[in-house]
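Notes to accompany the following structure.
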Ligand code: AMP
Ligand code: ZN
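In our numbering, the protein residues as written are 2 to 490.
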């Protein structure tokens with residue numbers, strides 16, 4: 002059938018035809034590193050991960066580029082408000098670069114925990130200012146800019162298709178209300194390419210440029226870095242839906258003004274994660290981070306599972322009840338895979354069937370899984386196919402496992418780790434300690450000190466270790482969802 006994606010440009014499902022056969026160039030707008038990512042932001046990055054993994058699964062050689070915004074992003078995307086990085090650094094009494102490093106590290110720690118594959122290229126705005134200056138020079142040479150009040154602006158009236166992505170109508174917008182009006186702008190939609198006259202006296206990072214010492218606007222960084230690594234015409238650009246009306250609209254205008262030709266072929270936008278009545282946002286204060294969830298006892302993969310259960314183009318309502326249900330499902334998934342491991346021939350250690358050797362229902366499920374992803378990345382349907390093959394009693398265990406591990410290349414739920422580690426005791430020190438406690442408990446039982454015996458069992462249970470009394474002794478295992486080790490005592 003082939004991959005079909007919903008392109009925000011044109012608002013339709015379109016067949017994916019890459020610029021270069023067999024390859025896919027993909028840019029996803031990365032974080033502004035002035036604070037922790039909240040779980041809404043993380044929805045965007047799990048989505049990017051699904052895009053990259055799906056493209057690879059379908060056989061494309063993928064270059065996935067992500068920027069790190071460490072300069073130029075104001076609290077309002079339309080050049081209004083304060084500089085996010087400078088504000089955060091001042092509040093924390095740190096330098097901008099210290100803040101950027103801290104939150105960049107925290108960001109990747111989160112994405113690693115969520116099973117997000119690191120992008121092929123991660124690029125920092127502050128390390129690409131020269132590329133931005135070169136691009137702005139081209140935009141200027143082509144006649145799309147004007148200087149006012151010390152800043153260099155992009156003149157949207159010179160770019161006739163301005164606003165096509167967001168279906169904006171300039172005439173209507175001009176009469177619209179704006180929170181903050183920049184007196185220098187000829188049009189409210191004009192945006193800054195280069196700031197010299199900062200409204201912030203304490204702007205920490207500044208560079209020399211043909212327009213004076215200053216710093217770049219936020220939008221130009223994505224244009225400059227994506228083109229540097231993916232070429233001047235590439236396949237896919239992604240971000241959250243809030244980027245449609247301003248950030249991506251401006252990226253398109255300035256990129257095509259510089260090159261004079263079509264820039265990005267497919268625009269993909271994830272809907273919001275919402276909580277209660279509104280979108281979660283970093284600036285609104287009380288936001289939930291991955292750490293909040295982990296402190297409450299959830300595994301980061303519970304959250305990944307929760308996200309995969311919704312289609313990226315639908316709003317997703319976050320609640321702890323919904324997360325509990327995702328956790329329960331993911332735990333049954335792990336349990337099911339472990340049970341199949343035990344069922345597989347060869348003393349429970351059989352290798353899963355390679356996907357090329359699958360037959361019957363398992364093949365059909367893998368084909369349906371692929372079709373679900375090809376149909377605009379339908380992860381809910383893809384998950385249903387995973388469950389379908391795992392639950393089907395008629396599918397041999399080794400085949401069900403083979404299909405599940407194949408599917409997990411896209412789902413990223415850590416099933417591959419179960420494949421490697423389930424039968425091996427990972428932590429020898431833990432094993433020795435648990436076995437010593439089991440021996441103590443057996444003695445307590447012999448002495449009819451059941452209180453002590455139960456206390457030992459409960460203490461281990463709290464640490465995710467389950468004891469099972471069998472006729473020939475006690476065995477122990479890790480509870481589903483815990484890092485898998487465990488073995489017979
Ligand atoms: P920022 O760091 O604010 O630039 O945002 C990073 C990414 O998260 C962008 O792609 C945003 O569109 C996306 N985003 C922000 N809030 C949410 C939300 N509540 N749900 C889903 N995506 C979001
Ligand atoms: Zn961007």
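The beta carbon of each residue, even a glycine, is placed where N, CA and C say it ideally should be.
Residue i versus residue j - alpha carbon distance
i	j	result
residue 52	residue 266	15 Å
residue 83	residue 204	10 Å
residue 318	residue 308	10 Å
residue 7	residue 379	11 Å
residue 322	residue 135	51 Å
residue 343	residue 122	40 Å
residue 43	residue 112	8 Å
residue 56	residue 86	34 Å
residue 401	residue 468	28 Å
residue 40	residue 289	6 Å
residue 484	residue 47	In this prediction, residue 484 scores a pLDDT of 47, lower than 50, which makes its location untrustworthy; the coordinate-derived value is nonetheless stated afterwards. In a straight line, the C-alpha of residue 484 is about 21 Å away from that of residue 47.
residue 439	residue 352	32 Å
residue 486	residue 310	Low confidence applies to residue 486: its pLDDT is 46, below 50, so where it sits in the model is not reliable enough to give any reading.
residue 495	residue 258	The structure shown has nothing for residue 495, since the chain only spans 2 to 490.
residue 399	residue 354	5 Å
residue 254	residue 220	10 Å
Buried or exposed (CB count within 10 angstroms, at least 16 for buried), residue i
i	result
residue 130	buried
residue 94	exposed
residue 141	buried
residue 392	exposed
residue 263	exposed
residue 54	buried
residue 25	buried
residue 441	exposed
residue 375	buried
residue 20	exposed
residue 160	buried
residue 478	buried
residue 2	exposed
residue 421	Per-residue confidence for residue 421 stands at a pLDDT of 44, beneath the threshold of 50, marking its modelled position as unreliable; the derived number appears in the next sentence. With fewer than 16 other Cβ atoms within 10 Å, it is exposed.
residue 13	exposed
residue 371	buried
Residue nearest to residue i in terms of C-alpha spacing, selected from the options
i	options	result
residue 9	166, 222, 61	166
residue 98	170, 150, 111, 128	128
residue 339	418, 3, 22, 143	418
residue 63	101, 34, 22	22
residue 213	411, 406, 152, 157	152
residue 28	148, 104, 192, 252	252
residue 475	407, 437, 16, 70	437
residue 395	361, 226, 368, 373	361
Residues sharing a beta bridge with residue i, DSSP
i	result
residue 133	Its beta-bridge partners do not exist; DSSP assigns none.
residue 16	5
residue 1	Outside the displayed span of the chain (2 to 490) sits residue 1, for which this structure offers no information.
residue 148	153
residue 69	125
residue 29	67, 239
Ligand 4 heavy atom lying under 7 Å from the CB of residue i
i	result
residue 84	Within the structure as shown, ligand 4 is missing, the only ligands being ligand 1 and ligand 2.
**Asked** Where in the region 401-469 do unbroken runs of the alpha helix (DSSP H), each at least 4 residues long, occur, reported from the N-terminal end onward?
**Response** 416-422, 429-447, 451-463
**Request:** For the region 199-236, list the beta strand (DSSP E) runs that are entirely contained and at least 3 residues long, ordered along the chain.
**Result:** none
**Item:** Minimum length 3: unbroken beta strand (DSSP E) runs contained in the region 89-117
**Value:** none
**4 or more residues per run - each alpha helix (DSSP H) lying fully within the region 249-319** = 250-260, 291-296, 301-309
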